[in-house]
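Asker: My questions all concern the structure below.
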Amino acid sequence: MKNIVLTRVDDRLIHGQVMTAWVQHCKGNVIEIIDDEVAQDDFLKLVTTSTAPENIQVRVDTLEDAVKFLQADAQDQHVIILVKTPQVIADLLKRGISIAQVDVGGMAQRKDRTQLYRNIAASPTERQVFQEIIAAGTDVMVQVIPSDKAVNITKYL
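Per the numbering used here, the very first residue in the sequence shown carries number 3; after that it's consecutive.
If you want it as structure tokens, here you go:
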């Protein structure tokens, strides 16, 4: 299995904070974006990956392709997983991908979401999914940038 150095829920996927602070903090050399919609749209894929530094490999995969990639051995790859919603994390766990901790960094306000913390909002369904992830033994922390103190999300659910 790959060496996962960060698993992050952020509906912006790749953006300035992820590309600078988190990549440096985690020493990641591969970014694995897991999003079925983006993976199947060449234009969205190009836009999403265009901000990545040249020395970072960026993959955009469907859930099924990501599971295959993550299950393959390659300890020299330090993988940062980026997803838009907690459901993808729950699906990875159900497929046998081991994730010790999830960082929640950005989930924008929408009609079906209420605010949890600063720039993080969740729907009732997403709150339940976070509970399922926690019940599976994965810590879920709120931490927008590495210099912020990580706070367990259970405080806000």
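Backbone N, C-alpha and C fix where the C-beta goes; we use that ideal spot for every residue, glycine too. If you're wondering where the values come from, they're calculated on a predicted model, not measured in any experiment.
(1) Using the C-alpha atoms, what's the distance from Asn-121 back to Val-85?
(2) Mind reading off the beta-carbon distance from Thr-9 to Val-104? Whole number of angstroms is fine, and I expect it under 8 Å.
(3) Looking at Ile-58: is its Cβ nearer than 9 Å to the Cβ of Leu-95?
(4) Relative to the C-alpha of Pro-126, which candidate in Thr-87, Pro-55, Leu-72 has its C-alpha closest?
(5) Can you tell which of Asp-93, Lys-151, Val-20 has its C-alpha closest to the C-alpha of Pro-55?
(6) Please classify Met-3 as buried or exposed, where buried requires at least 16 neighbouring CB atoms within 10 angstroms.
(7) Taking the continuous alpha helix (DSSP H) assigned at Lys-70, which residues delimit it?
(8) Between the alpha carbons of Leu-65 and Val-90, how many angstroms are there, rounded?
(9) So who's on the other strand from Met-21, going by DSSP bridges?
Answerer: Let's see:
(1) 16 Å
(2) 5 Å
(3) no
(4) Of the candidates Thr-87, Pro-55, Leu-72, the one whose C-alpha sits nearest the C-alpha of Pro-126 is Thr-87.
(5) Nearest of Asp-93, Lys-151, Val-20 to Pro-55, Cα basis: Val-20.
(6) exposed
(7) 65 to 73
(8) 7 Å
(9) In DSSP, Met-21 forms no bridge with anything.
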